[in-house]
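K.L.:
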Amino acid sequence: MTTVSPKAAGDAGSVPDTVPEPASSGTAAGTVPGQRLLGWVLTVCGSVGLVAAFVLMVEKLRLLTNPFYVPSCSLSEAVNCTAVMQSDQATVFGFPNPLLGLAGFAVVVTVGVVLLTGAGRELPGWFWLGLQAGVTFGVVFVTWLMTQTLFSIRAICPYCVVVWVVTIIAFCFVTAANAVAGRFGAGLARAVPAGVVVPAGVAAIWLVTIGVLSVAVASGW
1 MTTVSPKAAG
11 DAGSVPDTVP
21 EPASSGTAAG
31 TVPGQRLLGW
41 VLTVCGSVGL
51 VAAFVLMVEK
61 LRLLTNPFYV
71 PSCSLSEAVN
81 CTAVMQSDQA
91 TVFGFPNPLL
101 GLAGFAVVVT
111 VGVVLLTGAG
121 RELPGWFWLG
131 LQAGVTFGVV
141 FVTWLMTQTL
151 FSIRAICPYC
161 VVVWVVTIIA
171 FCFVTAANAV
181 AGRFGAGLAR
191 AVPAGVVVPA
201 GVAAIWLVTI
211 GVLSVAVASG
221 W
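To convert, note that position 38 of the sequence shown is 38 in the UniProt record's numbering; the numbers rise steadily by one, no gaps.
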């Protein structure tokens with residue numbers, strides 16, 4: 001009859017303890033798809049917004065140094081970046097608005113990359129609320145700029161439209177992620193389903209509305 005040494009028995013008994021590890025990794029990975037999706041959204045939106053803000057800043061500087069310079073996005077009377085860049089709304093805080101975009105979108109890209117690495121699970125709740133405050137400020141600001149551009153200046157800046165689009169998308173996805181995570185309360189967490197449908201749907205409706213208004217302005221409405 002073969003006897004089992006205590007060490008062997010201990011080793012054999014430790015085997016089941018190692019079995020849940022893959023399951024644990026799988027469970028942890030179960031939170032990754034949502035984080036990876038948000039990571040991709042923020043990385044792409046932040047990168048596109050960063051490029052648009054950079055181009056706007058370059059065009060603004062060229063216009064400041066040469067009043068007769070025609071920006072690359074000034075295509076007609078309606079699609080006219082010059083009118084937008086020379087307006088008071090373009091420097092509402094006393095400096096060119098694209099500087100806010102350069103700083104804000106750099107943060108968005110950084111957060112997106114962090115989420116793609118899987119480190120988002122380590123981020124504290126205050127960080128997510130701070131991110132929410134940032135994207136909320138961004139979407140409120142671009143909404144105000146949007147109304148000013150379409151109804152007061154009555155001209156469209158294509159690069160500005162790009163900034164509007166990516167800011168709205170980032171806001172919708174960050175807000176949905178925080179709601180699902182229960183950061184706005186358990187009631188809202190139960191009401192908002194996880195996944196891409198809600199943020200994508202809200203963003204789509206929002207952007208279609210902007211598109212209709214932009215086309216109306218470009219058509220001379």
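Here a beta-carbon is modelled for each residue, glycine too, at the ideal position from N, C-alpha and C.
From a predicted model like this one, the values you see are computed outputs, not experimental measurements.
So the alpha helix (DSSP H) Cys45 belongs to, where does it begin and stop?
P.N.:
It spans 20 to 65 - the alpha helix (DSSP H) in which Cys45 sits, taken as one unbroken run.
K.L.:
Given 8 Å as the limit, is there contact between the stretch 120 to 130 and the stretch 69 to 89, that is, 3 or more CB pairs closer than that?
P.N.:
With the cut-off at 8 Å, the stretch 120 to 130 and the stretch 69 to 89 do not touch.
K.L.:
If I'm right that Gly211 touches Thr167 with Cβ under 8 Å, what's the distance once you round it to whole angstroms?
P.N.:
The Cβ separation is near 15 Å, so there is no contact.
K.L.:
Any idea what DSSP makes of Val79, helix, strand or coil?
P.N.:
DSSP places Val79 in strand when its eight states are reduced to three.
K.L.:
In angstroms with no decimal places, state the Cα-to-Cα distance between Val202 and Val48.
P.N.:
One C-alpha to the other measures close to 20 Å.
K.L.:
Is there at least one non-hydrogen atom of the ligand ATP closer than 7 Å to the beta-carbon of Ala155?
P.N.:
Within the structure as shown, the ligand ATP is missing, as the structure has no ligands at all.
K.L.:
How about Ala189 and Cys45: do their beta carbons lie closer than 8 Å?
P.N.:
It is not a contact, given that the beta carbons lie outside the stated cut-off.
K.L.:
State yes or no: is the C-beta of Val192 within less than 8 Å of the C-beta of Ala179?
P.N.:
Yes, the Cβ-Cβ distance between Val192 and Ala179 is below 8 Å.
K.L.:
Classify Ala52: buried if its beta carbon has 16 or more other beta carbons within 10 angstroms, exposed otherwise.
P.N.:
That one is buried.
K.L.:
Determine the direct distance from the alpha carbon of Val135 to that of Cys81, and round the result to whole angstroms.
P.N.:
So the two alpha carbons sit approximately 24 Å from each other.
K.L.:
Below 6 Å CB to CB, which residues in the same chain sit around Gly112 once its five sequence neighbours on both sides are set aside?
P.N.:
Once the five neighbours on either side are set aside, the close Cβ partners of Gly112 are Gly39, Leu42, Thr43, Gly46.
K.L.:
Report buried or exposed for Ser214, applying the criterion of at least 16 other Cβ atoms within 10 angstroms of its Cβ.
P.N.:
It is buried - the Cβ of Ser214 has at least 16 other Cβ atoms within 10 Å.
K.L.:
Contact defined as beta carbons within less than 8 Å: I believe Phe54 pairs with Leu102. What is the distance between those atoms, to the nearest angstrom?
P.N.:
Rounded, the Cβ-Cβ distance is 7 Å, consistent with contact.
K.L.:
Roughly how many angstroms separate the alpha carbons of Val161 and Met57, rounded to a whole number?
P.N.:
Cα to Cα, Val161 sits roughly 15 Å from Met57.
K.L.:
Anyone know if the C-beta pair for Arg36 and Leu123 falls short of 8 Å?
P.N.:
Cβ distance not < 8 Å, so Arg36 and Leu123 don't count as in contact.
K.L.:
Beta carbon of Ile156, beta carbon of Val79: below 8 Å?
P.N.:
Yes, Cβ-Cβ distance for Ile156 and Val79 is below 8 Å.
K.L.:
Are there 16 or more other CB atoms within 10 angstroms of the CB of Gly120, so buried, or fewer, so exposed?
P.N.:
Counting Cβ neighbours within 10 Å, Gly120 comes out buried, since at least 16 surround it.
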